[in-house]
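Colleague: Shown below is the structure under consideration.
In full-length UniProt numbering, the protein residues as written are 1 to 384.
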């Protein structure tokens, strides 16, 4: 569907690639300057919440009060519970009917990219460089961008248009790993256990108790990281612990991974043969380590926010985006915004004007790239 829509819009090379499930397209440069290409990326999947038979509800000229999503089920979207709604007063707000999510994450990003492309196609007199666009799968489970065709895409840098309010820019994310700890105990009759039993439950409790008690999600925010025990199962004979490690600071991140290794080694040292095994799987790296080496990418967006009178909001993204894998493939890719809110549930909504603002920002970034040709703004940006 997206491939067809791009072609109908006028993107002649739009194509769906079954081998990676991406749709790619190019708007060729109309400039005689040797401009590098810019990429814009949005994802096609949505979250693990009911997404069947979505019935969007349109509320023109929102008055700032409660929005009844579903009278029968008494489901109400209220600014008392969701204060950001007040920012949408006077706008055309699109909501769910209270029984599904909306999918603005990331259909709003897709719409914004289409809006920007349409602007350039209907205004051929506006100078621009080459624009590459990509629409991909499986962002929500962190796997789609691992298949992103970076070499074929070939832009100097890119932006994802994912969740967030106008003015947001996320140029740093967590470093992230998952860890699996398996513990082998020795189960014997408790009456005859002296010197024989090795209780895997006890060892599991010891491991969990050795973790930093204040470095947990419920006590962390902003740039603070955490170690989270996501689940644990244990008997005397064996135990299994699953954890995730999240940290912005790369050195602290590595120290926390080393802490897990040390805890496991200290327990194994007490036995003739190892009882505990640890497997660490790195999930993604902080894009900030790369983006901070290329401040022009962030400054380009910030300059447009200033020009359009949008208050910038540089925020650390407490998670990961497609930009993590794409940045790791050599294309620095911070995230901007798509104008929606309350993603992944029945209270999700987006404003038409906010999506239009996203499209305008995309179009202006492309034009600013032309204006800054030969004298880029490489002023370091304080992100961290």
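Just so it is clear, CB atoms sit at the ideal spot from N, CA and C, and this is done for glycine as well.
1. For residue 206, which option in 241, 42, 73 has the closest C-alpha, if you only look at C-alpha atoms?
2. For residue 164, is the classification buried or exposed, using 16 other Cβ atoms within 10 angstroms of its Cβ as the cut-off for buried?
3. Would you call the CB atoms of residue 35 and residue 375 closer than 9 angstroms?
4. Within the continuous beta strand (DSSP E) that includes residue 159, where are the two ends?
5. For residue 66 and residue 76, which I take to be in contact (beta-carbon distance under 8 angstroms), what is that distance rounded to the nearest angstrom?
6. Thinking just about the alpha-carbon of each residue, which of 120, 27, 169 is nearest to the one in residue 314?
7. Could you compute how far the alpha carbon of residue 108 sits from the alpha carbon of residue 337?
8. Out of curiosity, what's the CA-to-CA distance linking residue 235 and residue 198?
9. Closest by CA to residue 262, which one among 211, 141, 319, 358?
10. If you draw a straight line from the alpha carbon of residue 380 to that of residue 157, how long is it in whole angstroms?
11. With distances taken between CB atoms, is the gap from residue 22 to residue 217 smaller than 9 angstroms?
12. For residue 132, I'd like the list of residues in its chain whose CB is within less than 6 angstroms of its CB, leaving aside the five on either flank, ordered along the chain.
13. How about the region 71 to 88 and the region 346 to 360: do they share at least three Cβ pairs that are nearer than 8 angstroms?
14. Expressed to the nearest angstrom, what Euclidean distance is found between the alpha-carbon atoms of residue 268 and residue 256?
15. Can you give me the Cβ contacts of residue 91 inside the same chain, cut-off strictly under 8 angstroms, excluding the 5 residues immediately before and after it?
16. Across which residues does DSSP place residue 347 in a beta bridge pair?
17. Beta-carbon within less than 6 angstroms of residue 138's beta-carbon, same chain only, minus the 5 sequence neighbours each way: which residues are those?
18. Using CA atoms only, rank isn't needed, just tell me which of 200, 311, 316 is closest to residue 264.
19. Going by DSSP in three states, residue 285 sits in which element: helix, strand or coil?
20. Which of helix, strand or coil does DSSP assign to residue 296?
21. Hey, quick one: how far does the alpha helix (DSSP H) through residue 336 stretch, first residue to last?
22. Can you tell me where the alpha helix (DSSP H) with residue 257 in it begins and where it stops?
23. Residue 13: which of 187, 93, 130, 20 sits nearest, CA to CA?
24. Applying the criterion that 16 or more other CB atoms from any shown protein chain within 10 Å of the CB defines a buried residue, is residue 83 buried or exposed?
25. In chain order, what residues of the same chain lie with their CB nearer than 7 angstroms to the CB of residue 112, ignoring the 5 residues before and after it?
26. Between the Cα of residue 159 and those of 275, 306, 332, 367, spot the shortest distance and give me the residue it belongs to.
27. Among 208, 173, 189, which residue has its Cα nearest to the Cα of residue 180?
28. Could you name the residues of the same chain whose beta carbon sits closer than 7 angstroms to that of residue 329, not counting the 5 residues immediately before and after it, in chain order?
29. Tell me whether residue 365 is buried or exposed, calling it buried when 16 or more other Cβ atoms sit within 10 Å of its Cβ.
30. Closer than 6 angstroms by C-beta to residue 220: which residues in its own chain qualify, once you throw out the five before and the five after it? Chain order, please.
Modeller: If we stick to the structure as given:
1. The residue labelled residue 206 in the question sits at position 206 within the chain shown. When each option's Cα is compared against that of residue 206, the closest is 241.
2. Numbered from 1 along the chain shown, position 164 holds the residue referred to as residue 164. Burial call: buried.
3. Start at 1 with the first residue of the chain shown, and residue 35 comes out as number 35. Start at 1 with the first residue of the chain shown, and residue 375 comes out as number 375. No.
4. Walking along the chain shown from the start, residue 159 turns up at place 159. Where residue 159 is concerned, the enclosing beta strand (DSSP E) stretches over 157 to 160.
5. The residue given as residue 66 occupies position 66 in the chain shown. The residue given as residue 76 occupies position 76 in the chain shown. With 8 angstroms as the limit, residue 66 and residue 76 qualify as a contact, their Cβ atoms being about 5 angstroms apart.
6. The residue given as residue 314 occupies position 314 in the chain shown. Nearest C-alpha to residue 314: 169.
7. Against the chain shown, residue 108 aligns to sequence position 108. Against the chain shown, residue 337 aligns to sequence position 337. Approximately 9 angstroms, taken between the alpha carbons.
8. Here residue 235 is taken as the residue at index 235 of the chain shown, counted from 1. Here residue 198 is taken as the residue at index 198 of the chain shown, counted from 1. So the two alpha carbons sit approximately 11 angstroms from each other.
9. Counting from 1 along the chain shown, the entry for residue 262 is found at position 262. Measuring from the Cα of residue 262, the nearest candidate turns out to be 211.
10. Taking the first residue of the chain shown as position 1, residue 380 is located at position 380. Taking the first residue of the chain shown as position 1, residue 157 is located at position 157. If you take the alpha carbons of residue 380 and residue 157, they lie about 17 angstroms apart.
11. Within the chain shown, numbered from 1, the residue matching residue 22 stands at position 22. Within the chain shown, numbered from 1, the residue matching residue 217 stands at position 217. No. Outside cutoff.
12. Along the chain shown, read from residue 1 onward, the residue named residue 132 stands at position 132. The answer, listed in chain order, is 26, 37, 39, 153, 155.
13. yes
14. Residue numbering aside, residue 268 sits at position 268 when the chain shown is read from its first letter. Residue numbering aside, residue 256 sits at position 256 when the chain shown is read from its first letter. The alpha-carbon atoms of residue 268 and residue 256 are separated by roughly 19 angstroms.
15. Start at 1 with the first residue of the chain shown, and residue 91 comes out as number 91. The answer, listed in chain order, is 61, 62, 351, 352, 353, 354.
16. Indexing the chain shown from 1 puts residue 347 at position 347. Answer is none; residue 347 lacks a bridge partner.
17. Here residue 138 corresponds to residue number 138 of the chain shown, with the count starting at 1. The residues are 45, 144.
18. As a working note, residue 264 is residue 264 in the chain shown. Nearest option by C-alpha distance: 200.
19. Here residue 285 refers to the residue found at position 285 of the chain shown. DSSP places residue 285 in coil when its eight states are reduced to three.
20. The residue labelled residue 296 in the question sits at position 296 within the chain shown. Here residue 296 sits in helix by DSSP.
21. For the purposes of this step, residue 336 is taken as the residue at position 336 of the chain shown. Residue 336 -> no alpha helix (DSSP H), and no H or E assigned at all.
22. In the chain shown, counting from the first residue as 1, residue 257 sits at position 257. It spans 250 to 268 - the alpha helix (DSSP H) in which residue 257 sits, taken as one unbroken run.
23. As a working mapping, residue 13 is identified with position 13 in the chain shown. Residue 130 is the option with its Cα nearest to residue 13.
24. Taking the chain shown and counting its residues from 1, one reaches residue 83 at position 83. The residue in question, residue 83, is exposed, as its Cβ has fewer than 16 Cβ neighbours within 10 Å.
25. Counting from one through the chain shown, the residue named residue 112 turns up at place 112. The answer, listed in chain order, is 161, 338, 355, 358, 359, 362.
26. Start at 1 with the first residue of the chain shown, and residue 159 comes out as number 159. Per the Cα distances, 332.
27. Along the chain shown, read from residue 1 onward, the residue named residue 180 stands at position 180. Of the candidates 208, 173, 189, the one whose C-alpha sits nearest the C-alpha of residue 180 is 208.
28. Working through the chain shown from its first residue, we reach residue 329 at position 329. These residues qualify, in order along the chain: 148, 150.
29. As a position in the chain shown, residue 365 is number 365, starting the count at 1. Of the other Cβ atoms in all chains shown, 16 or more fall within 10 Å of the Cβ of residue 365; this residue is therefore buried.
30. Stepping through the chain shown from its first residue, residue 220 is reached at position 220. Closer than 6 angstroms at the Cβ level, and outside the excluded window around residue 220, lie 226.
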